[in-house]
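Beneath this line is the structure, given in structure tokens, with notes to follow.
Protein chains: 2
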Amino acid sequence: MNEIGIFKGIDEQNVKYMLKCFQAKTISYKKDTTIISNLANTNIIGIIISGNANLIRNDYNGNRIVLEKLEKGSIFGEVFSSYSDELSVIATEDCSVITFDYEHIIKRCKKSCPHHNEVINNMLQILAKKVSVMNNRIDVLTKKTIREKLLEYFSIQEKENISKTFYLKLNYTELADYLGVDRSALMRELKNLKNEGFIETKLNKIKLLY
Amino acid sequence: MNEIGIFKGIDEQNVKYMLKCFQAKTISYKKDTTIISNLANTNIIGIIISGNANLIRNDYNGNRIVLEKLEKGSIFGEVFSSYSDELSVIATEDCSVITFDYEHIIKRCKKSCPHHNEVINNMLQILAKKVSVMNNRIDVLTKKTIREKLLEYFSIQEKENISKTFYLKLNYTELADYLGVDRSALMRELKNLKNEGFIETKLNKIKLLY
DNA sequence: AAATAGGTGTTGCATTTGCAACAATTTTAA
DNA sequence: TTAAAATTGTTGCAAATGCAACACCTATTT
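See the structure below:
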């Protein structure tokens, strides 16, 4: 529990205490069930304790778009997001989830839990991290050609992995979505990059040759 | 002062008290001077009190990109951003700026200023707002064609202005950058939308006809 | 084991886009 | 007020991209 973002650095004992204070609920969900619907209109914060889930946006056309993949330790609902579209969280595996009201974070409780400050600090860190991740994506998306987008994306992966060889965390269909381009066009450009000797690929393994 | 994001809702008296406690400095800068350089490697938070400035990224090629336009009340440095490129803040007008160390926000002072909680809450709100703004941009950028990007952008403006008629806050050169497209191609698509009767434009005034 | 679904890889073709270059207009500075 | 700079508006053309369609392969489900 205390490796998890929001409670990072707080000892087990105190985490339990705070969760009680926050009136947090732990609930288990079966695969493919809805953990929470209409997330944008709630003040709920959720933490995935085990299993995986997806944060989904139901487009105005009824299209379902995966906004975020949530895994153990992921937090959702930390941003009372201004989406007018419906957001929901769906279990992609059996999973276990803690939820509590966002109010408990900002309004400090009467008991004044000794580690409340740390929770808030962690919360700021998490949001800042989120901004940073989104900045990366915007950097990639603003590149004009698929080639430039790919190279920017690779450069970020290279930095994160501190290596010119790394494994993609997204499959190619997802990568195309992430880059905002057509999948077949992505594959084509990937092939070009290979033919011109910029990269080597083997399934989801990428090696940069420059 | 107490309309400004981070001190919103706190009375003048207490704001002054906190600024002292935060060891905040107020400095004036002439137009085109550097307010802070290498922002990414500091823990400084700045607030623009008067005038305008730009948050600039110095690209690896030496290109200067405007990341954010800062105006009265704007905050910079709130995210210890993970940019490896150099960030700096440049005055685009004479301006006056308050700066203090980020530490003061998270580590509460010994005097335990009575409104420290509100500052933190405001800080969370600001970051959340930032995430929401970035989400909007990502939504626009992931659209595949210039037309779709424009329509998504217009739709966001329409919501924000609660009106089908509004004035663009960006000029067309900036809008092209924002959308990540070529400016001339943007103008062309704008003309198409006009010819097909979707919109009317008059300089930076847009009227949606659908 | 067979059937189904999901992801990968490829291609032709029409469309969209970026690029370059320039004129016209507006804004800003001298 | 004039000159200079910035922004808007246009166009031809080559290049990049999306789209559709299909084959192939690999998981997952029945």
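Sequence order for the protein chains is A and B. Numbered by numbering that gives the first Met the number 0, the letters in the first sequence go through residues 0 to 209 in order. Numbered by numbering that gives the first Met the number 0, the letters in the second sequence go through residues 0 to 209 in order. C-beta: ideal position from N, C-alpha, C; glycine also. Keep in mind that this is a model prediction, so the values were computed, not measured.
Proximity below 8 Å, CB of residue i to CB of residue j
| i | j | result |
| --- | --- | --- |
| A/K129 | A/T164 | no |
| A/I155 | A/N135 | yes |
| B/G45 | B/I74 | yes |
| A/V78 | B/A175 | no |
| A/D93 | A/K30 | yes |
| A/S87 | A/T32 | no |
| A/T211 | A/G76 | The shown model of chain A, from 0 to 209, leaves out residue 211 of chain A, and the question about it has no answer. |
| B/N53 | B/L69 | yes |
| A/I43 | A/D100 | yes |
| A/I125 | B/L123 | no |
| B/L207 | B/G196 | no |
| A/I137 | B/M133 | yes |
Extent of the continuous alpha helix (DSSP H) to which residue i belongs
| i | result |
| --- | --- |
| B/S183 | 182 to 194 |
| A/N42 | Looking at the DSSP string, A/N42 is not in any alpha helix (DSSP H), and its letter there is neither H nor E. |
| B/L86 | First-last for B/L86: 85 to 90, but that is the beta strand (DSSP E), not the alpha helix (DSSP H). |
| B/I205 | Run containing B/I205: none in the alpha helix (DSSP H); it sits in the beta strand (DSSP E), 204 to 207. |
| A/I104 | 102 to 105 |
Under the three-state DSSP convention, the category residue i falls into
| i | result |
| --- | --- |
| A/F75 | strand |
| A/S162 | coil |
| B/D10 | coil |
| A/L178 | helix |
| B/A52 | strand |
| A/N134 | helix |
| A/C94 | strand |
| B/F153 | helix |
| A/K68 | strand |
| B/N57 | strand |
| A/K128 | helix |
| B/T144 | coil |
| B/T172 | helix |
Cβ-based burial, residue i [other Cβ within 10 Å; buried from 16]
| i | result |
| --- | --- |
| A/A90 | buried |
| A/I97 | buried |
| B/N121 | buried |
| A/V139 | buried |
| A/R56 | buried |
| A/M186 | exposed |
| B/I5 | buried |
| B/L189 | buried |
| A/L178 | buried |
| B/Y166 | exposed |
| A/V180 | buried |
| B/I119 | buried |
| A/L192 | buried |
| B/V14 | buried |
| A/I161 | exposed |
N-terminal and C-terminal residue of the beta strand (DSSP E) that residue i is part of
| i | result |
| --- | --- |
| A/I198 | 198 to 201 |
| A/I5 | Element bounds for A/I5: n/a, residue is neither H nor E. |
| A/T25 | 24 to 28 |
Can at least three beta-carbon pairs, one atom from the segment 142 to 156 of chain B and one from the segment 139 to 147 of chain A, be found at a separation below 8 Å? The segment 142 to 156 of chain B is not in contact with the segment 139 to 147 of chain A.
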